[in-house]
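*Asks:* Take a look at this one; I'll ask things after.
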Amino acid sequence: MLHGYTQSAPSFSIKTKVLEKHLSKYFPPTTLHYANGPIRLGWEDLPQSAPPINSDFIEPYRPPPPPEELPLAYAWWKKKGDNYVGVDETFKSLSEVLDKEGPFDGVVGFSQGAALAVALASALETSRRAKVPASWNFTTQHPPMKFAVSFSGFRAPPGVSGGEMDFLYEPRVQTPTLHYIGNADEIVTPERSQMCVNACQGARVHTFPGSHYVPSSKVYLDWMAAFIRDILAGVKIDGEEEAWEDDDDYPF
204 MLHGYTQSAP
214 SFSIKTKVLE
224 KHLSKYFPPT
234 TLHYANGPIR
244 LGWEDLPQSA
254 PPINSDFIEP
264 YRPPPPPEEL
274 PLAYAWWKKK
284 GDNYVGVDET
294 FKSLSEVLDK
304 EGPFDGVVGF
314 SQGAALAVAL
324 ASALETSRRA
334 KVPASWNFTT
344 QHPPMKFAVS
354 FSGFRAPPGV
364 SGGEMDFLYE
374 PRVQTPTLHY
384 IGNADEIVTP
394 ERSQMCVNAC
404 QGARVHTFPG
414 SHYVPSSKVY
424 LDWMAAFIRD
434 ILAGVKIDGE
444 EEAWEDDDDY
454 PF
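Our numbering numbers the first residue of the sequence shown as 204 and each following residue consecutively.
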């Protein structure tokens, strides 16, 4: 389980308790392992709300809190210009997690963690192992993942970090993937998530009338249970899409 930007393993575990219970019901015994991003974020990295440009309201300056009061916020990489900084550190960290805590059947992520989930599944594919940059220290002996699940995910843009990550999507990811896309998501837009879908050969897509979060209603979690059931049964996953029109799952 790979958390989103500014989250942590403990916070993501809390946010996905319903999902964990649901999977445990369908696939006992199920154990979810929550990995923590290796990059600790500072005050300057955290999203800060600000009044609209045309607003007359001016919020007084608030200095950053002392280090001991900073939230425990982590990332898998930082975006600086056209570079993803910290990807090498992340893959080295995950290599150790896979060898010490694995093997795992699949990988699930949210937002930045979803982007990483697809990238990790791709990097573990046998045909791609030799293309992983040596600087990543991705030396794990873990077998390929059986599946990857992306909640509000995206792909690294072509050419980012000098094209270092392009091999993850060219040719397309062969690991079966499930993509949840919120049609009201303004943080990772549906169009951006669709670019990740397009980079995956065996993709099942579910859209829901929500924004940037992991949906928790039974109907949405049943999609994931059905996807995993099909994977375990050897059903081919390719180009399936379903939309749910009920709007009772907004987080407010």
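All C-beta atoms, glycine included, are put in the ideal place defined by N, C-alpha and C.
Sort out for me which residues DSSP pairs Cys403 with in a bridge.
*Replies:* Answer is Val376.
*Asks:* What did DSSP end up calling Phe230 once you bin it into helix, strand or coil?
*Replies:* Correct three-state label for Phe230: coil.
*Asks:* Is DSSP giving Gln344 helix, strand or coil here?
*Replies:* Coil at Gln344, not helix or strand.
*Asks:* With distances taken from CA atoms, which of Tyr277, Ala324, Ile434 is nearest Thr343?
*Replies:* Taking only the C-alpha atoms, the option nearest Thr343 is Ala324.
*Asks:* When DSSP builds the beta bridges, which residues end up paired with Gln210?
*Replies:* Beta-bridge pairing links Gln210 to Tyr277.
*Asks:* Tell me, to the nearest whole angstrom, how far the beta carbon of Cys403 is from that of Val376; I am working on the premise that it is less than 8 angstroms.
*Replies:* 4 angstroms between Cβ atoms; contact.
*Asks:* Out of Asn386, Tyr372, Val290, Phe357, state which residue places its alpha-carbon closest to the alpha-carbon of Val339.
*Replies:* As written in the sequence, residue 339 is Trp, which differs from the Val given in the question. Checked all of Asn386, Tyr372, Val290, Phe357; the closest Cα to Trp339 is Val290.
*Asks:* Bridge partners for Ile384 per DSSP, in chain order?
*Replies:* Paired residue(s): Thr410.
*Asks:* Which residue's Cα is closest to the Cα of Ala428: Ser353, Phe230, Cys399, Ala318?
*Replies:* Of the listed residues, the one whose Cα sits closest to Ala428 is Phe230.
*Asks:* What do you get for Pro418, buried or exposed, if any count of 16 or more other CB atoms within 10 angstroms of its CB means buried?
*Replies:* When all chains shown are included, Pro418 counts as buried.
*Asks:* When we look at the beta-carbon of Met204 and count the other beta-carbons within 10 Å, is it buried (16 or more) or exposed?
*Replies:* Buried, by the Cβ-count rule.
*Asks:* Contact check, Arg407 vs Leu381 under 8 angstroms by CB: the rounded distance?
*Replies:* Rounded, the Cβ-Cβ distance is 5 angstroms, consistent with contact.
*Asks:* Just the Cα atoms here: how many angstroms apart are Arg332 and Phe354?
*Replies:* Rounded to the nearest angstrom, the two C-alpha atoms are 25 angstroms apart.
*Asks:* Give the single residue among Pro232, Ser211, Pro360, Ser314 whose Cα lies nearest to the Cα of Leu244.
*Replies:* Of the candidates Pro232, Ser211, Pro360, Ser314, the one whose C-alpha sits nearest the C-alpha of Leu244 is Ser211.
*Asks:* Going by CA-CA distance only, name the one from Ala436, Pro360, Thr378, Gly366 that's closest to Ser395.
*Replies:* Looking at the sequence itself, residue 395 is Arg, so the reference to Ser does not match. That would be Pro360, whose Cα lies nearest to the Cα of Arg395.
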